[in-house]
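Enquirer: Structure incoming, see below.
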Amino acid sequence: MNPCKPAVLFDNDHFCIAQCHHCQRVGLTFQNLLLGFSQDEFVGLCRIMDQADFERCSALMPDGQLHMIVNTGHPDIQFSLSRIEFERFRVGLSQALRRMNLYQLLKIQSN
């Protein structure tokens, strides 16, 4: 029997973030990519994205579009985000982090 019991922190078209109540791991699905994070790794990614400046950190890609390369904390996996994807990703992470913090407060208060 699998002890994982995920709570959805954010769910939108092609973007979902959930956290297991048991092990606290965070699963992030963005378009066709699925990544797992410890809670601390996820919070770190949220902080990086919250402070990121697309204009300053983006680069022109061969397709002629500006993209921002985002390290995921996994050495061989990065996101290449257009401006629209960057904003969607940042908003989703922010909302998921707020919900995660709310769940933690409710858990503390119930103990």
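For reference, each letter of the sequence shown is one residue, going 45 to 155 in the working numbering. Glycine residues also receive a C-beta, built at the ideal position from the N, C-alpha and C atoms.
(1) Of all the options P119, L110, F81, which has the alpha carbon lying nearest to the alpha carbon of S126?
(2) Mapping the DSSP letters down to three states, classify A96 as helix, strand or coil.
(3) Grab the span of the beta strand (DSSP E) containing M112 for me, first residue to last.
(4) Beta-carbon separation of L79 and L72 under 7 Å?
(5) What does DSSP give as the partner residues of A140 in its beta bridges?
(6) Check each candidate in I152, Q148, S154, Q153 and name the one with the smallest Cα separation from Q68.
(7) List the residues that DSSP assigns as beta-bridge partners of L72.
(8) Beta-carbon within less than 7 Å of C64's beta-carbon, same chain only, minus the 5 sequence neighbours each way: which residues are those?
Expert: In terms of the structure at hand:
(1) Your numbering for residue 126 matches position 82 in the sequence shown. Of the listed residues, the one whose Cα sits closest to S126 is L110.
(2) Walking along the sequence shown from the start, residue 96 turns up at place 52. Looking at A96 - three-state DSSP - the assignment turns out to be coil, as it is neither helix nor strand.
(3) Walking along the sequence shown from the start, residue 112 turns up at place 68. Taken as a continuous stretch (DSSP letters only), the beta strand (DSSP E) holding M112 covers 110 to 115.
(4) One-based indexing of the sequence shown puts residue 79 at position 35. One-based indexing of the sequence shown puts residue 72 at position 28. With contacts defined as CB atoms closer than 7 Å, L79 and L72 qualify as a contacting pair.
(5) Here residue 140 refers to the residue found at position 96 when the sequence shown is read from its first residue. Answer is none; A140 lacks a bridge partner.
(6) The count along the sequence shown starts at 1 and reaches residue 68 at position 24. Residue Q148 is the option with its Cα nearest to Q68.
(7) For the purposes of this step, residue 72 is taken as residue 28 along the sequence shown, with counting starting at 1. Paired residues: I61, L79.
(8) For the purposes of this step, residue 64 is taken as the residue at position 20 of the sequence shown. C48, K49, P50.
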